[in-house]
Structures are given as structure tokens and as C-alpha cells.
Amino acid sequence: MSQETEALKKDIEQLRRDLGALTEAAKRNSQQKAQAGVEQARAQFDDVRARAEMHTEQWGSHIKERPLTSVFAAFGVGILLGKLISR
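Add 1 to the 1-based position in the sequence shown for the numbering used here, that's all there is to it.
If you want it as C-alpha cells, here you go:
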């Protein structure tokens, strides 16, 4: 084989290695971005859950403080929803 052919083979092999390394880097980058998205979604979910728990506790204490008012409010909302649904 000629020197040019050998040089071309070495260049092609180096190109294959570089392409493989580039592919692996792109794969790792995609995985890191996906993981960051999962972590962000988990943080938002935890925030929403904490706020929901806080509101639930507030409503629970409100109902305990004024049970009769809460019953009448629930009754009124039920009547309102019943009228809206019956239309």
C-alpha cells in the first residue's frame, strides 16, 4: 500500500473515533438535560404538594372553628351546582 492510502486509513479511523466520542458527548448532554428536567418537575411537584397541604390544613382549621357555617356553605354550593347541572 502506498503512504497516501495508509494516511487515509489512519484519518478515517481517527474520524470514526472522533465521531464516536462526539456521539457519546451528545448522549451524555441529552441525559443531563433530561435529568435536570426531571429534577425541576419534581421540585415543582413538591412545591405544589406543600401548598396544597397548607391549604388543606387552613380549610380544616376553618371548618373546626366554624362547623355550622361550613355546613351551610357546603349546602349552598351543592344547591348551586345542582341547579347548574340540571340545566
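Beta carbons: idealized from backbone N, C-alpha and C, even for Gly.
All figures in this text were calculated on a predicted structure; none of them were measured in a lab.
Using only the alpha-carbon positions, how far apart do residue i and residue j sit?
| i | j | result |
| --- | --- | --- |
| Q36 | E54 | 27 Å |
| D48 | D19 | 43 Å |
| G79 | T57 | 20 Å |
| Q45 | K28 | 26 Å |
Could you give the residue range of the alpha helix (DSSP H) that holds residue i?
| i | result |
| --- | --- |
| S3 | It is not in any alpha helix (DSSP H) - S3 carries neither H nor E in the DSSP assignment. |
I'd like the list of long-range same chain contacts for residue i, defined as Cβ closer than 8 Å, with 5 residues on each side in sequence excluded.
| i | result |
| --- | --- |
| H63 | S71 |
Spatial neighbours of residue i within its chain, please: C-beta separation below 7 Å, excluding the five flanking residues on both sides.
| i | result |
| --- | --- |
| K11 | none |
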